[in-house]
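See below for the structure under consideration.
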Amino acid sequence: MLDLIDTASANLNLSVLCKAVTQVGLIVTLRDGPFTILAPDNDAFAKMPEGMLDYLMENESELKSVLLYHIIPGRYTAGELSKLYSINTALDKPVEIQISGKILAINTAHIVTKDIETANGLIQVIDKVLFPLK
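If you read the sequence shown in this note's numbering, its first letter stands for residue -1, the second for the next number, and so on.
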């Protein structure tokens, strides 16, 4: 079974995320684990305000903070997350978890593909990029 990085890299819909992770040097960290990645798909990055992705790619410290906010230490299935109200991220800031019917939301993002298994964690694909409050 592939690890988090190789699994994400094999998914063309996560190519923007993989580029960002590579740029800030989080690949080595994500080869360890276990982690649960709240992985914005390419459409999520495209929904950001115009120029925001370029800004983040040019400001590595801010980009790294945003990416760490998408990483949860430990392995959590969507079912396990749905039983929580919040969970702390690798940025040491929590994300809120809500469930409405069968829709699981992390802050304002919805999980669109859940529980992608990897050798060192899980990937939960989300439809928005999450930004930590300062």
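For every residue, glycine included, the Cβ atom is placed at its ideal position computed from N, Cα and C.
Source: prediction; values computed, not measured.
DSSP lists Phe33 as the bridge partner or partners of Pro71.
Residues Met(-1), Leu0, Asp1, Leu2 and Thr5 of the same chain have their beta carbon placed closer than 7 Å to that of Thr116, with the five preceding and five following residues left out of the count.
Per DSSP, Gly77 is one residue of the alpha helix (DSSP H) stretching across Ala76 to Leu79. One alpha carbon belongs to Ile124, the other to Asn118, and they sit about 19 Å apart.
Partner residues in the beta bridge of Gln96, as assigned by DSSP, are Ala103. Across the structure, Ala8 and Leu131 are spaced so that their CA atoms are roughly 31 Å apart. The distance from the Cβ of Lys45 to that of Lys112 is about 20 Å, inconsistent with a contact at the 8 Å cut-off.
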